[in-house]
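Chemist:
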Amino acid sequence: MDKEQTNHILNFLEKGIRFDGRKLDEYRQIKVEKGFSENAEGSARVTIGDTIVFAGVKLSVGEPYPDTPNEGTMMINAELMPLSNPDFEPGPPAIQAIELARVVDRGIRESGTIDTKKLCIKKEEKVWSILIDICTVNDDGNLFDASALAVLAALQDTKMPSYNGKIVDYKKKTKDTLPLNLKKIPTSCTVSKIGNHFIVDPVHEEEEKVEARLTVEVEEDGTLCALQKGGDKPLTAEDIDNMVGIGIEKSKELRKFL
Amino acid sequence: MSYTKRNDGRKFDETRAIEAKAGVIKRADGSAYFKIGKTVAYAAVYGPREIHPKFLQNPKNGKLRCFYNMMPFSSIGERVRPGANRRAKEIAMVTEKALLPVVDISKSPNSVIDVFIELPQTDAGTRCAGICAASMALADAGISMNGMVAAVSIGRVDDKLVVDLDYSEESYEDGTVADIPIAVVSRTEEISLLQMDGELSRDDLKKAIEMAKKACSKIDKIQRDALKKKYEVKNG
Chain A
202 MDKEQTNHIL
212 NFLEKGIRFD
222 GRKLDEYRQI
232 KVEKGFSENA
242 EGSARVTIGD
252 TIVFAGVKLS
262 VGEPYPDTPN
272 EGTMMINAEL
282 MPLSNPDFEP
292 GPPAIQAIEL
302 ARVVDRGIRE
312 SGTIDTKKLC
322 IKKEEKVWSI
332 LIDICTVNDD
342 GNLFDASALA
352 VLAALQDTKM
362 PSYNGKIVDY
372 KKKTKDTLPL
382 NLKKIPTSCT
392 VSKIGNHFIV
402 DPVHEEEEKV
412 EARLTVEVEE
422 DGTLCALQKG
432 GDKPLTAEDI
442 DNMVGIGIEK
452 SKELRKFL
Chain B
1428 MSYTKRNDGR
1438 KFDETRAIEA
1448 KAGVIKRADG
1458 SAYFKIGKTV
1468 AYAAVYGPRE
1478 IHPKFLQNPK
1488 NGKLRCFYNM
1498 MPFSSIGERV
1508 RPGANRRAKE
1518 IAMVTEKALL
1528 PVVDISKSPN
1538 SVIDVFIELP
1548 QTDAGTRCAG
1558 ICAASMALAD
1568 AGISMNGMVA
1578 AVSIGRVDDK
1588 LVVDLDYSEE
1598 SYEDGTVADI
1608 PIAVVSRTEE
1618 ISLLQMDGEL
1628 SRDDLKKAIE
1638 MAKKACSKID
1648 KIQRDALKKK
1658 YEVKNG
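For the record, the sequence lines run as chains A and B. Take the first sequence: its letter number 212 is residue 413 in this note's numbering, and every next letter is one higher. Take the second sequence: its letter number 16 is residue 1443 in this note's numbering, and every next letter is one higher.
1. Write down the C-beta distance between B:Tyr1469 and B:Tyr1460 rounded to the nearest angstrom, noting that I regard them as a contact closer than 8 Å.
2. Would the stretch 236–248 of chain A count as touching the stretch 1534–1554 of chain B if we require 3 or more Cβ pairs under 8 Å?
3. Using a Cβ-Cβ distance under 8 Å, would A:Phe255 count as near chain B?
4. What three-state label does DSSP hand A:Asn286 in the structure shown?
5. Does A:Val352 pass the burial test, meaning 16 or more other C-beta atoms within 10 Å, or should it be called exposed?
6. Between A:Glu406, A:Arg414, A:Gly448 and A:Glu412, which lies nearest to A:Cys426 when the distance is taken from Cα to Cα?
7. Using the three-state DSSP reduction, which class does A:Asn339 fall into: helix, strand or coil?
8. Buried or exposed for A:Ala438, please, with buried defined as at least 16 other CB atoms from any protein chain shown within 10 angstroms of its CB.
9. If we ignore side chains and look at the alpha-carbon of each, how far apart do B:Glu1477 and A:Phe220 end up?
10. Flag A:Lys372 as yes if its beta-carbon sits less than 8 Å from any beta-carbon of chain B, otherwise no.
11. Interface residues of chain A around B:Thr1522 at Cβ under 7 Å?
12. Where in the stretch 210–269 of chain A do unbroken runs of the beta strand (DSSP E), each at least 3 residues long, occur, reported from the N-terminal end onward?
13. Could you tell me which of A:Leu332, A:Asp341 and A:Glu264 sits nearest to A:Asp288, measuring between CA atoms?
14. Find the nearest neighbour of B:Arg1443 within the set B:Cys1643, B:Val1521 and B:Ala1610, judged by alpha-carbon distance.
15. Comparing C-alpha positions only, which one of A:Trp329, A:Leu459 and A:Ala413 sits nearest to A:Lys434?
16. Is it true that the stretch 1433–1452 of chain B meets the stretch 1510–1525 of chain B, where meeting means three or more beta-carbon pairs spaced less than 8 Å apart?
17. For my contact list, A:Ala350 and A:Val247 are in at a C-beta cut-off of 8 Å; report their separation, rounded to the angstrom.
18. Excluding the 5 residues flanking B:Ala1568 on each side, which residues of the same chain have their C-beta closer than 6 Å to its C-beta?
19. In the stretch 250–283 of chain A, which residues sit with their C-beta less than 8 Å from some C-beta in chain B, listed in chain order?
20. Using a C-beta to C-beta distance shorter than 9 Å, which residues of chain A count as neighbours of B:Lys1465?
21. Against chain A, with Cβ distances strictly below 8 Å, would B:Gly1625 count as a contact?
22. Determine the DSSP secondary structure at A:Asp334, reduced to helix, strand or coil.
23. Between which two residues does the beta strand (DSSP E) containing A:Ser371 stretch?
24. To which residues of the same chain is A:Asn343 closer than 7 Å at the C-beta, ignoring the five residues directly before and after it?
25. From the DSSP output, which residues share a beta bridge with B:Asn1485?
26. Quick check on DSSP: helix, strand or coil for B:Tyr1469?
27. Compare the C-beta of A:Asp340 with all C-beta atoms of chain D and state if any pair is closer than 8 Å.
28. How long is the line joining the alpha carbons of B:Ser1429 and B:Glu1597, rounded to whole angstroms?
29. Helix, strand or coil for A:Lys434 per DSSP?
30. Check each candidate in A:Gly243, A:His405 and A:Val258 and name the one with the smallest Cα separation from A:Phe345.
31. Keeping to the same chain, check which residues put their C-beta closer than 7 Å to that of B:Ser1619; ignore five residues upstream and five downstream.
32. So, is the C-beta of B:Ala1471 closer than 8 Å to a C-beta in chain A?
33. Check whether the Cβ atoms of A:Thr337 and A:Leu260 lie closer than 8 Å to each other.
34. Can you give the beta carbon distance from B:Ile1452 to B:Ile1463, rounded, assuming they're within the 8 Å contact cut?
35. Quick one: which residues of the stretch 1555–1570 of chain B get their C-beta closer than 8 Å to a C-beta of chain A? List them in chain order.
36. Kindly indicate which residue of A:Asp358, A:Glu408 and A:Gly273 has the alpha-carbon position closest to the one of A:Ser330.
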């Protein structure tokens, strides 16, 4: 990355402003559209500035895991699609995609927002499994927060297909929604550190300069439910406390979109 | 029983509603959105850019490389496993061949022009929608081209030839169905994609091609209008 741009971004941050005119803790415009893909059981399209992420939910009936015989299952997969960023290549998920999927997964799993016991059809035999896919369409930074928002919106949008005990009839959607505990729904805010500054929602030019980032996932009452530090540089305890503070504060804004 | 009225009430030579937009993916060098009925395609073009590994470099010509992918939640029924299966690879290949006649690859030696097609929602006709989006995305990327490509699927449902099969027609149960995706180079009316699934008479094939040409000339206009719209100078 060229030095001029780095200096440009840093000079602006010194003045308490971003190079695109935003405040340090200001998100770009966020839009959440539920139900954009009719064939999915649930879907959402999230745009944050020029970043576009799709999430879709598919449901199927399968076997429970042996250690949780009366609970439904959930899987989250992320595709960093090569159409969304010149550096993404076709092929099996790269480590960045795996990290993204796992961080979003953790927030949902640990918050307990999905009541998986209610997804049990017959103990030890049949449960609903929720298969969630994240597809990036345009990567202009902050895929983490956009993806988390898209997945939660898609889960809220989900309608159970009809099931007669043997086969799932995907053409018949019922009115039943997923058993979600709304108070537990996690929001994800990723705080990034560049120099001595903390910013949220970096665009891709800023993202290339990020030294460290912390994804903070929070339930409605401010309880943390997942964390992930990324980036090459370490953080001090004070940094972390500041970043968590920003994360909790911004989560209130993000929650309004769900 | 013959197929006297289309399931969704369309005329036999009528496509579903089409929506097209250029420049929808900012990170890409060129991009487009093409929606026909409930089938939605996004295409993004990156390049010409360096090709890896190096031995693929050709000093005479660039390479046009296409990828086709249905998002895992895009179709009715079970989730589609991500990653290129045999079907996706074949479609990517025929897409390449469909577009190649209009792309001047001699202008980008040693390089690759990557075309990525993604489908978030499908209701038959995906390869054709993908080709329509890709042709627009290539133009939007400023790739040297000598024309555009439009594509549509012609179907034989029982005894009737129909334009732009949807899924309900593709899976018509009271008779047999043939599905014939066709791409037309708009300037010359040459055919750059032709496949067929099902049984068809030689006469019907001739008719199908004529129907495709007509439908594609309408699609071509929609593609061009969408491209022009992106570069429209707004007054005031």
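Just so you know, even glycine gets a beta-carbon here, dropped at the ideal spot from N, CA and C.
Modeler: With the given structure in hand:
1. The residue labelled residue 1469 of chain B in the question sits at position 42 within the second sequence. The residue labelled residue 1460 of chain B in the question sits at position 33 within the second sequence. Correct: roughly 6 Å between the Cβ atoms.
2. yes
3. For the purposes of this step, residue 255 of chain A is taken as residue 54 along the first sequence, with counting starting at 1. Judged by the 8 Å Cβ criterion, A:Phe255 is in contact with chain B.
4. For the purposes of this step, residue 286 of chain A is taken as the residue at position 85 of the first sequence. Coil.
5. Indexing the first sequence from 1 puts residue 352 of chain A at position 151. By the neighbour-count rule (16 or more Cβ atoms within 10 Å), A:Val352 is buried.
6. Residue mapping note: residue 426 of chain A aligns to position 225 of the first sequence, counting from 1. It is A:Gly448.
7. The residue given as residue 339 of chain A occupies position 138 in the first sequence. A:Asn339 falls in the strand class under three-state DSSP.
8. What you label residue 438 of chain A is simply residue 237 of the first sequence in a count that begins at 1. So A:Ala438 counts as exposed.
9. Within the second sequence, residue 1477 of chain B is the residue found at index 50, counting from 1. Within the first sequence, residue 220 of chain A is the residue found at index 19, counting from 1. Roughly 30 Å between the two C-alpha positions.
10. For the purposes of this step, residue 372 of chain A is taken as residue 171 along the first sequence, with counting starting at 1. Yes, its Cβ sits closer than 8 Å to a Cβ of chain B.
11. Translated into positions along the second sequence, residue 1522 of chain B becomes position 95. Within 7 Å Cβ-Cβ: nothing; B:Thr1522 doesn't reach chain A, min ~14 Å.
12. 231–235, 243–249 and 252–263
13. Translated into the one-based positions of the first sequence, residue 288 of chain A becomes position 87. When only C-alpha atoms are compared, the closest one is A:Asp341.
14. For the purposes of this step, residue 1443 of chain B is taken as the residue at position 16 of the second sequence. If we check each option's Cα against that of B:Arg1443, B:Cys1643 comes out closest.
15. Taking the first residue of the first sequence as position 1, residue 434 of chain A is located at position 233. It is A:Ala413.
16. no
17. In the first sequence, residue 350 of chain A corresponds to position 149, counting from 1. In the first sequence, residue 247 of chain A corresponds to position 46, counting from 1. The amino acid occupying residue 350 of chain A in the given sequence is Leu; Ala does not appear at that position. Right, the Cβ-Cβ distance comes to about 5 Å (below 8 Å), so this counts as a contact.
18. Here residue 1568 of chain B refers to the residue found at position 141 when the second sequence is read from its first residue. Only Asp1456, Gly1457 and Val1472 meet the Cβ criterion.
19. Asp251, Ile253, Phe255, Gly257, Val258, Lys259, Ser261, Asn278, Glu280, Met282 and Pro283
20. On the second sequence, residue 1465 of chain B is found 38 positions in, with the first residue counted as 1. What B:Lys1465 touches in chain A: Glu239 and Asn240.
21. Translated into the one-based positions of the second sequence, residue 1625 of chain B becomes position 198. No, B:Gly1625 lies away from the interface with chain A (no Cβ there is under 8 Å from its Cβ).
22. Here residue 334 of chain A is taken as the residue at index 133 of the first sequence, counted from 1. The answer is strand: DSSP assigns A:Asp334 an E or B state.
23. Numbered from its first residue, the first sequence carries residue 371 of chain A at position 170. The displayed chain sequence assigns Tyr, not Ser, to residue 371 of chain A. That run of the beta strand (DSSP E) goes Val369 to Thr378.
24. Residue numbering aside, residue 343 of chain A sits at position 142 when the first sequence is read from its first letter. Closer than 7 Å at the Cβ level, and outside the excluded window around A:Asn343, lie Ile249, Thr252, Thr391, Asp402 and Pro403.
25. Walking along the second sequence from the start, residue 1485 of chain B turns up at place 58. Paired residue(s): none; B:Asn1485 is not in a bridge.
26. Taking the second sequence and counting its residues from 1, one reaches residue 1469 of chain B at position 42. Residue state, collapsed to three classes: strand.
27. The structure shown contains no chain D; its protein chains are A and B.
28. One-based indexing of the second sequence puts residue 1429 of chain B at position 2. One-based indexing of the second sequence puts residue 1597 of chain B at position 170. When rounded, the distance between both Cα atoms is 15 Å.
29. For the purposes of this step, residue 434 of chain A is taken as residue 233 along the first sequence, with counting starting at 1. It is coil, neither helix nor strand.
30. Along the first sequence, read from residue 1 onward, the residue named residue 345 of chain A stands at position 144. For A:Phe345, the nearest C-alpha among the options comes from A:His405.
31. Your numbering for residue 1619 of chain B matches position 192 in the second sequence. Around B:Ser1619: Lys1524, Ala1525, Pro1528, Val1576, Ala1610 and Val1612.
32. For this step, residue 1471 of chain B is matched to residue 44 along the second sequence. Answer yes: the Cβ-Cβ gap between B:Ala1471 and chain A drops below 8 Å somewhere.
33. Taking the first residue of the first sequence as position 1, residue 337 of chain A is located at position 136. Taking the first residue of the first sequence as position 1, residue 260 of chain A is located at position 59. Contact flag unset, no.
34. Here the question's residue 1452 of chain B lines up with position 25 in the second sequence. Here the question's residue 1463 of chain B lines up with position 36 in the second sequence. So it is not a contact: roughly 19 Å between Cβ atoms.
35. none
36. If you number the first sequence from 1, residue 330 of chain A lands on position 129. The candidate whose alpha carbon is nearest that of A:Ser330 is A:Gly273.
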